[in-house]
Amino acid sequence: MVGGAAWRSALARGLGLTWLRHARAAGAGWARVHDIDGASFVLLYLCLLLYLPASLVFRPLSSAGTPATMLAIFGALCWVLNRIMDPRARRPSLSVVPVTAAGGLFALCVVASTVVALARPLRTEELKSMNTGLLFVVAWAGVALVTSDGITSRNRLARVHRRLVLASAFVGLVGILQFVTGRTLTDMIRIPGLSANTTALVYARDGFSRVIGTTLNPIEFGVLMAAMLPLAINHGVHASTTRWRAWAPTVLIASSIPLSNSRSGLVALGVAMLVVIPTYSPAMRLRVLGYGLTGAMAVFVLVPGLLGTLLGLFIGIDDDPSAGSRTGSYALAGAFISRSPVWGRGFLTFLPEYRILDNQYLGLLIDVGVAGTAAFLLTMTTAVVVCWRSYRLSTDGATVGRSAALLAALSACTVSFAFFDALSFPVIAGFTALCLGLAECEWRFARALATSPVGGRPPTEESTR
Numbered sequence: 020m021v022g023g024a025a026w027r028s029a030l031a032r033g034l035g036l037t038w039l040r041h042a043r044a045a046g047a048g049w050a051r052v053h054d055i056d057g058a059s060f061v062l063l064y065l066c067l068l069l070y071l072p073a074s075l076v077f078r079p080l081s082s083a084g085t086p087a088t089m090l091a092i093f094g095a096l097c098w099v100l101n102r103i104m105d106p107r108a109r110r111p112s113l114s115v116v117p118v119t120a121a122g123g124l125f126a127l128c129v130v131a132s133t134v135v136a137l138a139r140p141l142r143t144e145e146l147k148s149m150n151t152g153l154l155f156v157v158a159w160a161g162v163a164l165v166t167s168d169g170i171t172s173r174n175r176l177a178r179v180h181r182r183l184v185l186a187s188a189f190v191g192l193v194g195i196l197q198f199v200t201g202r203t204l205t206d207m208i209r210i211p212g213l214s215a216n217t218t219a220l221v222y223a224r225d226g227f228s229r230v231i232g233t234t235l236n237p238i239e240f241g242v243l244m245a246a247m248l249p250l251a252i253n254h255g256v257h258a259s260t261t262r263w264r265a266w267a268p269t270v271l272i273a274s275s276i277p278l279s280n281s282r283s284g285l286v287a288l289g290v291a292m293l294v295v296i297p298t299y300s301p302a303m304r305l306r307v308l309g310y311g312l313t314g315a316m317a318v319f320v321l322v323p324g325l326l327g328t329l330l331g332l333f334i335g336i337d338d339d340p341s342a343g344s345r346t347g348s349y350a351l352a353g354a355f356i357s358r359s360p361v362w363g364r365g366f367l368t369f370l371p372e373y374r375i376l377d378n379q380y381l382g383l384l385i386d387v388g389v390a391g392t393a394a395f396l397l398t399m400t401t402a403v404v405v406c407w408r409s410y411r412l413s414t415d416g417a418t419v420g421r422s423a424a425l426l427a428a429l430s431a432c433t434v435s436f437a438f439f440d441a442l443s444f445p446v447i448a449g450f451t452a453l454c455l456g457l458a459e460c461e462w463r464f465a466r467a468l469a470t471s472p473v474g475g476r477p478p479t480e481e482s483t484r
């Protein structure tokens with residue numbers, strides 16, 4: 020440990036960062052006085068990610084210029100500097116930070132694919148997209164790392180979960196209003212310094228509006244709401260407020276899912292429910308089933324024809340142009356993959372103008388090769404396993420429920436990524452990075468509590484690192 024501290028001190032001096040160490044110490048003191056930690060960062064990130072329209076960006080950074088992404092990049096920088104300059108920082112074992120380790124492998128694969136890409140001629144658009152992709156990776160890492168490492172207590176973690184549910188309910192409410200009015204609504208929001216990077220529109224399928232909330236796309240909206248539903252149900256079960264306030268977010272989120280008119284959203288909903296329902300008590304399973312049937316009947320009565328349209332997404336899938344586009348992409352993708360199968364052609368260098376794949380894993384095989392795709396799947400799988408282990412290890416009802424809900428959310432995201440280009444959409448990509456951090460944070464606290472020398476004693480900040 021002494022050698023590590025000496026190494027960090029020497030590195031700080033070599034980089035001329037001594038003044039930053041003093042600034043960090045002053046900032047840490049201010050944060051302690053004002054009771055600010057990583058949870059405060061995450062709460063601000065949630066506000067920027069979900070309350071603001073995803074189409075608003077800081078123009079010079081293009082699609083990486085959303086306020087949430089810029090904050091996440093700042094968080095990554097702060098995390099790295101803190102690790103360099105904190106003399107008490109220790110290198111955690113892989114058993115404590117397995118998601119971070121797996122995510123680090125993916126980041127290294129992205130760097131390797133970038134090196135490979137720079138060794139060949141690149142179009143200006145490809146180079147710009149690749150640079151944007153690198154900023155995205157830094158931002159996702161910042162969200163996951165600060166969430167995993169910076170939340171200092173279980174109460175803070177529970178607060179983050181509550182705010183996440185409330186913010187997602189707001190997104191669902193916006194989607195419901197869009198369906199009722201047939202208008203985008205979010206295009207009326209103007210913020211100084213930000214401008215619309217793309218036109219977010221509510222368009223129709225079979226005569227029904229496909230809502231987007233504050234996201235960019237109905238598929239992104241549907242998958243986000245479906246992944247959030249287990250977390251909202253857990254919030255309703257364990258909230259200490261009145262029943263109406265506890266369950267209102269769940270109603271808003273659940274009601275908005277069919278309004279996306281998205282096959283991917285319904286698949287994500289099915290996966291999430293299949294994963295989380297077995298973790299419920301028999302009585303809770305019956306309640307969820309009853310509410311689900313009631314909701315389907317309400318859709319049938321209140322919005323005539325919508326239920327048939329949703330069923331038609333699966334019954335008539337052979338004649339669906341979007342499904343045909345997905346399967347028709349395999350031959351083209353195979354040609355690109357064969358040129359650089361291991362490291363790919365560079366992250367996000369396969370532009371939408373070449374073809375919209377609607378399959379994130381196919382896109383990853385092209386962009387970062389077999390190595391990067393395997394590392395990404397390893398990251399998602401590791402997070403799912405960590406949630407399962409936290410669920411089995413925890414004894415507190417709320418913690419058990421959160422772990423099971425995160426398990427369902429990450430499972431839904433992992434499966435749904437096969438049906439759209441998820442990492443090209445800032446909200447669902449940022450949400451996934453946040454869930455990765457939350458999964459590891461839950462594991463950190465569950466493991467620390469289970470190994471505490473005094474049974475049931477809450478873990479301290481130092482004992483969880």
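Quick note on this note's numbering: the sequence shown kicks off at 20 and runs consecutively.
Glycine included, C-beta positions come from ideal geometry on N, C-alpha and C.
Out of 58, 115, 125, 90, which has the shortest C-alpha to C-alpha gap to residue 384?
Taking the sequence shown and counting its residues from 1, one reaches residue 384 at position 365. In terms of Cα proximity to residue 384, the closest of 58, 115, 125, 90 is 125.
Return the CA-CA distance between residue 55 and residue 266, expressed in angstroms with no decimal places.
The residue labelled residue 55 in the question sits at position 36 within the sequence shown. The residue labelled residue 266 in the question sits at position 247 within the sequence shown. Approximately 29 Å between the Cα atoms of the pair.
Suppose you measure from the CA of residue 169 to the CA of residue 404; what does that come to, to the nearest Å?
In the sequence shown, counting from the first residue as 1, residue 169 sits at position 150. In the sequence shown, counting from the first residue as 1, residue 404 sits at position 385. So the alpha carbons of these two residues sit roughly 21 Å apart.
Compute the Euclidean distance between the alpha carbons of residue 138 and residue 228, then round it to the nearest angstrom.
Start at 1 with the first residue of the sequence shown, and residue 138 comes out as number 119. Start at 1 with the first residue of the sequence shown, and residue 228 comes out as number 209. Whole-angstrom Cα-Cα distance: 46 Å.
Neighbour flag for residue 444 against chain B, beta carbons, 7 Å:
As a matter of chain content, chain B is missing from the structure shown, which is built from one protein chain.
C-alpha gap between residue 474 and residue 465, whole angstroms:
Against the sequence shown, residue 474 aligns to sequence position 455. Against the sequence shown, residue 465 aligns to sequence position 446. Residue confidence for residue 474 is low, a pLDDT of 48 falling below 50, so the modelled location carries little weight and cannot support an answer.
Could you tell me the alpha carbon to alpha carbon distance between residue 240 and residue 79, rounded to whole angstroms?
Position 221 of the sequence shown, counting from 1, holds the residue named residue 240. Position 60 of the sequence shown, counting from 1, holds the residue named residue 79. Per the coordinates, the alpha-carbon of residue 240 lies some 26 Å from the alpha-carbon of residue 79.
With distances taken from CA atoms, which of 116, 206, 461, 155 is nearest residue 84?
Along the sequence shown, read from residue 1 onward, the residue named residue 84 stands at position 65. Residue 155 is the option with its Cα nearest to residue 84.
Hey, would you say residue 61 sits closer than 7 Å to residue 171, going by beta carbons?
Mapped onto the sequence shown, residue 61 falls at position 42. Mapped onto the sequence shown, residue 171 falls at position 152. Cβ atoms of residue 61 and residue 171: not closer than 7 Å.
Does the separation of the CB atoms of residue 245 and residue 185 fall below 7 Å?
Residue 245 sits at position 226 when you count from the first residue of the sequence shown. Residue 185 sits at position 166 when you count from the first residue of the sequence shown. If you check the CB distance, residue 245 and residue 185 do not come in under 7 Å.
Short Cβ contact (7 Å threshold) for residue 65 with residue 235
Position 46 of the sequence shown, counted from the start, is the residue given in the question as residue 65. Position 216 of the sequence shown, counted from the start, is the residue given in the question as residue 235. No, they are not a contact pair.
Among 181, 148, 216, which has the Cα closest to the Cα of residue 76?
Taking the first residue of the sequence shown as 1, we reach residue 76 at position 57. Closest by alpha carbon: 216.
Through-space distance from residue 355 to residue 293, alpha-carbon basis:
In the sequence shown, residue 293 corresponds to position 274, counting from 1. In the sequence shown, residue 355 corresponds to position 336, counting from 1. C-alpha separation (whole angstroms): 35 Å.
Can you name the start and end residues of the alpha helix (DSSP H) that residue 364 belongs to?
Here residue 364 corresponds to residue number 345 of the sequence shown, with the count starting at 1. For residue 364, there is no enclosing alpha helix (DSSP H), as DSSP marks it with neither H nor E.
Rounded to the nearest angstrom, how far is the Cβ of residue 255 from that of residue 190, given a contact under 8 Å?
Numbered from its first residue, the sequence shown carries residue 255 at position 236. Numbered from its first residue, the sequence shown carries residue 190 at position 171. In fact, because the Cβ distance is near 17 Å, the residues do not count as touching under 8 Å.
Please report the straight-line C-alpha distance between residue 74 and residue 390, rounded to a whole angstrom.
Indexing the sequence shown from 1 puts residue 74 at position 55. Indexing the sequence shown from 1 puts residue 390 at position 371. Between the alpha carbons of residue 74 and residue 390 lies a distance of about 32 Å.
Quick check on the DSSP output: the beta strand (DSSP E) that includes residue 172 runs from which residue to which?
Residue numbering aside, residue 172 sits at position 153 when the sequence shown is read from its first letter. First-last for residue 172: undefined, no H or E at that position.
Taking its Cβ as the centre, do 16 or more other Cβ atoms sit within 10 Å of residue 300, making it buried, or is it exposed?
In the sequence shown, residue 300 corresponds to position 281, counting from 1. The residue in question, residue 300, is exposed, as its Cβ has fewer than 16 Cβ neighbours within 10 Å.
Straight-line gap, residue 3 to residue 193 (C-alpha atoms, nearest Å):
The displayed coordinates of the chain run from 20 to 484. Any statement about residue 3 would go beyond what the structure contains.
Three-state class that DSSP yields for residue 467 in the structure shown
Residue 467 sits at position 448 when you count from the first residue of the sequence shown. If DSSP states are grouped into helix, strand and coil, residue 467 belongs with the helices.
Would you mind reading off the limits of the alpha helix (DSSP H) that contains residue 262?
Counting from 1 along the sequence shown, the entry for residue 262 is found at position 243. In the DSSP assignment, residue 262 falls within the unbroken alpha helix (DSSP H) covering 262 to 275.
Kindly indicate which residue of 177, 331, 375, 372 has the alpha-carbon position closest to the one of residue 59.
The residue you call residue 59 lines up with position 40 of the sequence shown. It is 177 whose Cα lies nearest to the Cα of residue 59.
Please list the segments of the beta strand (DSSP E) lying wholly inside the segment 160 to 243, counting only runs of 3 or more residues, in order along the chain.
Listed in chain order, the complete beta strand (DSSP E) runs (minimum 3 residues) inside the segment 160 to 243 are 222 to 224, 227 to 229.
Buried or exposed for residue 302, please, with buried defined as at least 16 other CB atoms from any protein chain shown within 10 angstroms of its CB.
By one-based count along the sequence shown, residue 302 stands at place 283. The residue in question, residue 302, is exposed, as its Cβ has fewer than 16 Cβ neighbours within 10 Å.
Use the C-beta contact count for residue 284: other C-beta atoms within 10 angstroms, 16 or more gives buried, fewer gives exposed.
For the purposes of this step, residue 284 is identified with residue 265 of the sequence shown, where counting begins at 1. Per the 10 Å Cβ criterion, buried.
Would you check if the distance between the CB atom of residue 290 and the CB atom of residue 409 is smaller than 7 Å?
Counted from its first residue, the sequence shown places residue 290 at position 271. Counted from its first residue, the sequence shown places residue 409 at position 390. In this structure, residue 409 does not lie closer than 7 Å to residue 290 by Cβ.
Does the contact criterion of 3 or more C-beta pairs under 8 Å hold for the segment 436 to 443 versus the segment 370 to 380?
The segment 436 to 443 vs the segment 370 to 380: in contact.
Between residue 99 and residue 456, which are expected to be in contact by the criterion C-beta below 8 Å, what is the C-beta distance as a whole number of angstroms?
Looking up residue 99 in the sequence shown gives position 80. Looking up residue 456 in the sequence shown gives position 437. Contact doesn't hold; Cβ gap of about 15 Å is too wide.
Closest by CA to residue 89, which one among 68, 274, 101?
Start at 1 with the first residue of the sequence shown, and residue 89 comes out as number 70. The option with the nearest alpha carbon to residue 89 is 68.
Quick check on residue 71: does DSSP put it in helix, strand or coil?
Residue 71 sits at position 52 when you count from the first residue of the sequence shown. Coil, per DSSP.
Among 428, 207, 458, 420, which has the Cα closest to the Cα of residue 447?
By one-based count along the sequence shown, residue 447 stands at place 428. Ranking 428, 207, 458, 420 by Cα distance to residue 447 puts 428 first.
Determine the burial state of residue 470: buried for a count of at least 16 other Cβ atoms within 10 Å of its Cβ, exposed for fewer.
Here residue 470 is taken as the residue at index 451 of the sequence shown, counted from 1. Burial call: exposed.
Among residues of its own chain, excluding the 5 on either side of residue 481, which ones have a beta-carbon nearer than 6 Å to its beta-carbon?
Taking the sequence shown and counting its residues from 1, the one referred to as residue 481 is at position 462. Low confidence applies here, because residue 481 scores a pLDDT of 41, under 50, leaving its location unreliable; read the following figure in that light. Cβ neighbours of residue 481 beyond the five flanking positions: none.
Applying the 10 Å Cβ sphere with the 16-neighbour rule, what's the burial state of residue 440?
Working through the sequence shown from its first residue, we reach residue 440 at position 421. If you draw a 10 Å sphere on the C-beta of residue 440, you find 16 or more other C-beta atoms in it, and that means buried.
Is DSSP giving residue 76 helix, strand or coil here?
To locate residue 76, count along the sequence shown from 1; it is residue 57. Strand.
Could you give the DSSP three-state label for residue 439: helix, strand or coil?
The sequence position of residue 439 within the sequence shown is 420, counting from 1. In this structure, residue 439 counts as coil in the three-state DSSP scheme.
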